[in-house]
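> This is the structure, below, for whatever I ask next.
Numbering (the numbering used here), first residue to last: 531 to 653.
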């Protein structure tokens, strides 16, 4: 894993392309999107969703199934993603920079795998 991170570090661009947040999932299976990742007032109050592996990919314009975002910025996660989140009750939300035209939501537990591997390799 450290070797993979070193390789990734060599490929890190000079410009930030993504912003990341950890967001809780409420008891109804909703996540409140960070303000930067929500549709703006002049956009339709929905994002277009598609799935990729174990992640939900949301776009402001493209193909996908419309997913409404309420006036508080809450989005109901699909059942399959809520099952993956499980007891962790948190997701990793990543938004493209500068305008979050693409938002990716995945269980926050993916970070556990990365950290576990790092700790195991460092000893």
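We put the beta carbon where it would ideally sit given N, CA and C, even for glycine.
1. Residue 614 lies in the beta strand (DSSP E); which residues open and close that run?
2. Since residue 568 and residue 578 should fall inside the 8 Å C-beta cutoff, what is the C-beta to C-beta distance between them, to a whole number of angstroms?
3. Under 8 Å by Cβ, that's how I've got residue 565 and residue 625 pegged, so tell me the actual separation to the nearest angstrom.
4. Check whether the stretch 590-598 and the stretch 550-557 are in contact - that is, three or more C-beta pairs closer than 8 Å.
5. How many Å lie between residue 586 and residue 634 at the Cα?
6. Candidates 638, 620, 555 and 592: which alpha carbon is nearest residue 576's?
7. Look up residue 623 in the DSSP assignment and say whether it is helix, strand or coil.
8. Do you know how far the Cα of residue 601 is from the Cα of residue 659?
9. Leaving out five residues on either side along the sequence, give the residues of the same chain with a beta carbon under 7 Å from the beta carbon of residue 627.
10. So, for residue 636: in the same chain, excluding its five sequence neighbours on each side, which residues have a beta-carbon less than 7 Å away from its beta-carbon?
For this structure:
1. Counted from its first residue, the chain shown places residue 614 at position 84. Element bounds for residue 614: not the beta strand (DSSP E) but the alpha helix (DSSP H), 609-615.
2. Along the chain shown, one-based indexing puts residue 568 at 38. Along the chain shown, one-based indexing puts residue 578 at 48. With 8 Å as the limit, residue 568 and residue 578 do not qualify as a contact, their Cβ atoms being about 14 Å apart.
3. Reading the chain shown from its first residue, position 35 is the one you call residue 565. Reading the chain shown from its first residue, position 95 is the one you call residue 625. At roughly 10 Å, the Cβ-Cβ gap does not stay under 8 Å, so residue 565 and residue 625 are not in contact.
4. no
5. The residue labelled residue 586 in the question sits at position 56 within the chain shown. The residue labelled residue 634 in the question sits at position 104 within the chain shown. In a straight line, the C-alpha of residue 586 is about 6 Å away from that of residue 634.
6. Taking the chain shown and counting its residues from 1, the one referred to as residue 576 is at position 46. Of the candidates 638, 620, 555 and 592, the one whose C-alpha sits nearest the C-alpha of residue 576 is 592.
7. Working through the chain shown from its first residue, we reach residue 623 at position 93. Note: residue 623 maps to strand in three-state DSSP.
8. Because the chain in this structure spans residues 531 to 653, residue 659 falls outside the shown range and cannot be described.
9. Within the chain shown, residue 627 is the residue found at index 97, counting from 1. If we look at residue 627 and ignore the five residues flanking it on each side, its Cβ neighbours are 546, 547, 548 and 549.
10. Here the question's residue 636 lines up with position 106 in the chain shown. Taken in chain order, the residues that qualify are 584, 585, 621 and 622.
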